[in-house]
Amino acid sequence: MALLEGRGLSKRFGGVRALTEVSFSVEAGSIVGLIGPNGAGKTTLFNLVAGTYKPDAGEIHFDGSNITGAVANEACRGGIARTFQVTRPFPAMTCLENVGVAIVNSPRSENRTGWEPLALKYLNLVGLGDQARVEARHLNVVQKKRLEIARALATRPKLLLLDEVLGGLNSHEIRQAVAFIRSLRDEHRLTVFWIEHVMGAIMEAAEKIIVLDQGGLLMEGTPTEVVSDSRVVRAYLGD
Ligand SMILES: Nc1ncnc2c1ncn2[C@@H]1O[C@H](COP(=O)(O)OP(=O)(O)OP(=O)(O)O)[C@@H](O)[C@H]1O
Ligand SMILES: [Mg+2]
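The following block contains the structure:
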């Protein structure tokens with residue numbers, strides 16, 4: 010069953026057609042990859058799903074409801090959380106407080122008054138427990154991405170949108186990160202929709218890959234189907 014479905018989604022920014030009639034589905038309990046060259050419209054698609062922008066045309070269905078045009082807080086209430094390609098922590102707050110803000114403000118929060126131990130639980134989950142009292146501005150890029158994931162998880166989502174979380178990692182760290190993202194699905198029962206430029210990782214982790222090119226849906230298929238498709242090769246390498 011599809012947890013998330015986009016039907017004919019289009020989005021323009023002035024003269025730029027960021028997305029044109031894109032339809033896709035993300036099955037409940039799956040890891041779905043979203044790939045495509047720079048500027049293909051991947052982040053724009055996330056921005057529509059997460060309620061940052063409204064589509065010009067098309068519909069978004071999530072968990073049995075039509076959520077087209079829902080704003081970010083409504084999407085969060087429904088159970089959609091996302092990380093940002095360019096991380097956005099509160100720089101002068103500690104890691105613990107950054108996750109605390111997500112817990113206290115989440116419409117899905119169970120326990121706002123006891124947020125501290127909960128926040129620490131999420132920091133431990135992403136491997137940032139030792140940095141709990143460190144201000145976010147002191148984190149390196151990799152740690153900031155982990156903090157983003159902790160903040161997203163703290164809203165208790167059903168669907169996690171990951172926007173390029175592997176940047177800056179070496180191959181050993183990438184393997185660890187892939188195992189971690191798999192564990193989110195397997196142990197925390199999340200559905201994961203994941204934009205990534207690190208092909209090996211997304212091909213290993215995802216059951217299905219959706220490929221965008223120049224704002225359009227190029228193809229979708231299993232990782233094996235996608236890597237051997239001449240259209241995909243052409244989109245990345247040119248003619
Ligand atoms: N807020 C915006 N205002 C104007 N143009 C935008 C905006 N957001 C995206 N665009 C444009 O829409 C197109 C798709 O951008 P998008 O960020 O979705 O691509 P992407 O696939 O995420 O690329 P990348 O891999 O570089 O992150 C680009 O031409 C981009 O410049
Ligand atoms: Mg992007």
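Residue 10 is where the sequence shown starts when you use my numbering, and the numbers rise one by one after that.
Glycine included, every Cβ here is placed at the ideal spot set by N, Cα and C.
Just so you know, these numbers come straight off a predicted model, no measurement behind them.
Problem set entry | Nearest candidate by alpha-carbon position, reference Leu43, set Leu178, His181, Leu169, Leu129 | With distances taken between Cα atoms, Leu43 lies closest to Leu169.
Problem set entry | Inter-stretch contact at 8 Å, needing at least 3 Cβ pairs: the region 17 to 35 / the region 47 to 65 | Contact between the region 17 to 35 and the region 47 to 65 is present, because at least three Cβ pairs lie under 8 Å.
Exercise. Can you tell which of Ala90, Leu57, Thr92, Arg91 has its C-alpha closest to the C-alpha of Asn75?
Worked result: From the listed residues Ala90, Leu57, Thr92, Arg91, the smallest Cα separation to Asn75 is found for Leu57.
Exercise. Per DSSP, what kind of secondary structure is Arg243 in: helix, strand or coil?
Worked result: Here Arg243 sits in helix by DSSP.
Exercise. DSSP puts Gly225 in a beta bridge; with which residues?
Worked result: Beta bridge pairing from DSSP links Gly225 with Asp222.
For this session: Can you tell me which of the three DSSP states Lys217 falls into?
Result: In the structure shown, Lys217 adopts extended strand secondary structure according to DSSP, grouped into three states.
Exercise. Thinking C-beta only, is Phe202 closer than 7 Å to Val95?
Worked result: No.
Exercise. Ends of the alpha helix (DSSP H) at Thr52?
Worked result: Thr52: member of the alpha helix (DSSP H) spanning 51 to 58, first to last residue.
For this session: Kindly examine ligand 1 and report whether one of its heavy atoms sits closer than 6 Å to the Cβ of Phe202.
Result: For Phe202, the distance from the CB to the nearest heavy atom of ligand 1 is not below 6 Å.
Problem set entry | Closest by C-alpha distance to Leu137, when choosing among Lys153, Gly123, Asp195, Trp124 | When only C-alpha atoms are compared, the closest one is Lys153.
Exercise. Is Phe189 helix, strand or coil when you go by DSSP?
Worked result: Helix.
For this session: Look at the Cβ atom of Asp172, then the Cβ atom of Thr92, and state whether they are nearer than 7 Å.
Result: In this structure, the beta-carbon distance from Asp172 to Thr92 falls below 7 Å.
Problem set entry | Within the region 65 to 95, ranges of the alpha helix (DSSP H) (whole runs, at least 4 residues) | The DSSP assignment places 81 to 87 as complete runs of the alpha helix (DSSP H) inside the region 65 to 95, in order along the chain (cut-off: 4 residues).
Problem set entry | Rounded separation between Thr61 and Gly15 - CA only | Between Thr61 and Gly15, the C-alpha separation is close to 15 Å.
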